[in-house]
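The opening residue of the sequence shown carries number 129 in the working numbering; numbering runs sequentially from there.
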Amino acid sequence: NNYLFYNELGREYGNLNKIEEAADCYRKAIAMNPRQYFLYNNLYKTYNSSGRYKEAIIVCQEALKIFPQEKIIYYELGELFDKTGDRQAAIRYYSMAIDHDKKYLEAYNNLAAIYADMGQVDKAIEIWNKAIAINPSFAVAHFNLSVFYFGQKKYDLALWHCEKVRRLGYQVDDKFLKLLAPYRQQMQRKAIND
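Laid out in structure tokens, this is it:
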């Protein structure tokens with residue numbers, strides 16, 4: 129049970145923002161019991177939260193060798209590679225997370241966001257729509273679609289997705305609602321005239 133001692137000690141050092149000491153403790157715990165995923169996860173979180181993404185990537189890759197079935201590792205690698213600017217690697221790992229769990233909504237969302245940032249809006253919209261097909265109540269995807277449809281001047285779709293977010297019980301930024309207001313009024317007038 130010494131690995132549990134080092135894990136707890138690592139947490140305490142982490143709480144004190146002593147990153148090196150925390151990492152050393154987690155490494156000792158992993159050396160004692162390399163089959164405990166949470167030890168790798170704690171080390172990953174230590175590096176990630178301190179902005180040491182390359183070291184966090186190494187930890188995740190080590191964990192992946194032992195725990196290839198853990199979808200969260202693929203997702204975390206996607207996040208880390210996105211943070212380091214390696215979009216292709218991020219796409220690859222988010223896609224692998226989805227391959228491990230076809231209903232992994234957060235992975236769909238982040239994958240779509242990367243495509244959107246790369247200017248591949250149609251691909252992003254397709255992925256967000258896949259996430260909504262899996263879970264029609266996935267408000268994050270509805271909101272992102274609303275924003276991107278607005279950017280494409282597809283105001284009816286932007287309004288529909290924005291209203292869906294609100295019906296799901298989430299708030300939408302007032303600035304965005306003000307941007308949509310003229311189009312909402314225009315659509316209401318059109319509905320009255322039809």
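The C-beta atom is built at its ideal place from N, Cα and C for all residues, glycine as well.
Let's test the definition: count the other Cβ atoms within 10 Å of the Cβ of residue i and tell me whether it reaches 16, buried, or not, exposed.
i: E94; result: Here the chain comprises residues numbered 129 to 322, so residue 94 is not present and cannot be evaluated.
i: K292; result: buried
i: E148; result: exposed
i: N170; result: buried
i: A269; result: buried
i: Y298; result: exposed
i: A309; result: exposed
i: I158; result: buried
i: I226; result: buried
i: E140; result: exposed
i: N321; result: exposed
i: N130; result: exposed
i: G138; result: buried
Tell whether a beta-carbon distance below 8 angstroms holds between residue i and residue j.
i: Y165; j: C153; result: no
i: I271; j: V300; result: It should be pointed out that residue 271 corresponds to Phe in this sequence rather than to Ile. Yes; because the gap between Cβ atoms is below 8 angstroms, this pair is in contact.
i: A184; j: Y172; result: yes
i: K76; j: Y232; result: Absent from the structure is residue 76, since the part of the chain shown begins at 129 and ends at 322.
i: L296; j: R312; result: no
i: A244; j: A252; result: yes
i: A259; j: N237; result: yes
i: L273; j: I255; result: no
i: Y168; j: E136; result: no
i: D210; j: I262; result: no
i: M246; j: D284; result: no
i: F276; j: L307; result: no
i: Y221; j: L205; result: yes
Assign residue i to one of three DSSP states: helix, strand, or coil.
i: V275; result: helix
i: D245; result: helix
i: K211; result: helix
i: N263; result: coil
i: Q216; result: helix
i: S178; result: coil
i: Y232; result: coil
i: Y298; result: coil
i: F166; result: helix
i: E198; result: coil
i: Q280; result: coil
The alpha helix (DSSP H) with residue i in it runs from where to where?
i: E136; result: N130 to N143
i: F304; result: D302 to N321
i: D348; result: As displayed, the chain neither begins before 129 nor continues past 322, which places residue 348 out of reach and without an answer.
i: K156; result: I147 to M160
State yes or no: is the C-beta of residue i nearer than 7 angstroms to some heavy atom of the ligand GTP?
i: D229; result: This structure lacks the ligand GTP, and indeed carries no ligand of any kind.
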